[in-house]
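Report on the following structure.
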Amino acid sequence: MPRCYSVTDIARALDEHSPAILQFIGHGSSKGLCFENVVGRAQMVDKMPLAKLLHNQKGLKLVILNACYSHDQAQSLADSVGHVIGREGPIQDIDAINFSTDFFTALRHGRTFEESFGRAKAAVQLQTTALSPHFLKARSEKEIAHQSQDQISQSNLPGDDGYP
12 MPRCYSVTDI ARALDEHSPA ILQFIGHGSS KGLCFENVVG RAQMVDKMPL AKLLHNQKGL
72 KLVILNACYS HDQAQSLADS VGHVIGREGP IQDIDAINFS TDFFTALRHG RTFEESFGRA
132 KAAVQLQTTA LSPHFLKARS EKEIAHQSQD QISQSNLPGD DGYP
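Below is the structure:
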């Protein structure tokens, strides 16, 4: 798949190549991931537009968000994509590169996504303590329905609406 710089580039590449794995390597913050806008300037993209873009993308099994503060973005994608890797805090460029190298090496040797993640995380943690990646999997429809019911039940508890 070619290098992509804007959300539009990603959409085009997804349509043309239908990848099983999409890896974002770039900058992130608590506000989202950084892409280029139409005039080539940095633009933070909130988690929802990317989640909508990737929702029901045929063949996509794993998204790797190799960017600082990408955990919330990863969480928003997990149920749509199936498997997502993101991180809570900052990451040095060299650690991100090493993580990707170790992850894809393990994958090429027949390991599952989760096994490859564990292998890459362990390998990089031997070199640094600043790595905080998380592997997220989609919840089953039953789990989603159960959580939704719990949220409805909790929202009806006395005192939760600000009144005694």
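Numbering (our numbering), first residue to last: 12 to 175. Where a beta carbon is used, it is the ideal one built from N, C-alpha and C, also for glycine. Source: prediction; values computed, not measured.
Using C-beta distances below 7 Å, list every residue in its chain close to residue i, excluding the 5 sequence neighbours before and after it, in chain order.
i	result
Leu25	Gln68
Thr19	none
Going by DSSP, what residue range makes up the alpha helix (DSSP H) through residue i?
i	result
Gly93	It is not in any alpha helix (DSSP H) - Gly93 carries neither H nor E in the DSSP assignment.
Please classify residue i as buried or exposed, where buried requires at least 16 other C-beta atoms within 10 Å of its C-beta.
i	result
His82	buried
Gln84	buried
Arg119	exposed
Which residues bound the beta strand (DSSP E) around residue i?
i	result
Leu76	Leu73 to Asn77
Leu33	Ile32 to Ile36
Per DSSP, what kind of secondary structure is residue i in: helix, strand or coil?
i	result
Glu27	helix
Gln103	coil
Gly121	coil
Leu88	helix
Val49	coil
Lys42	coil
Lys63	helix
Gln136	helix
Residues in its own chain within less than 8 Å of residue i by CB, not counting five upstream and five downstream?
i	result
Gln160	Its pLDDT being 40, under 50, Gln160 is placed unreliably by the model, and the measurement read from it follows with that caveat. So no residue of the chain qualifies.
Sorted by chain position, which residues of the same chain lie with C-beta nearer than 6 Å to residue i's C-beta, five sequence neighbours on each side aside?
i	result
Glu47	Tyr16 and Ser17
Please name the residue in the options whose C-alpha comes closest to that of residue i.
i	options	result
Ala149	Lys58, Val95, Ala107 and Val50	Val95
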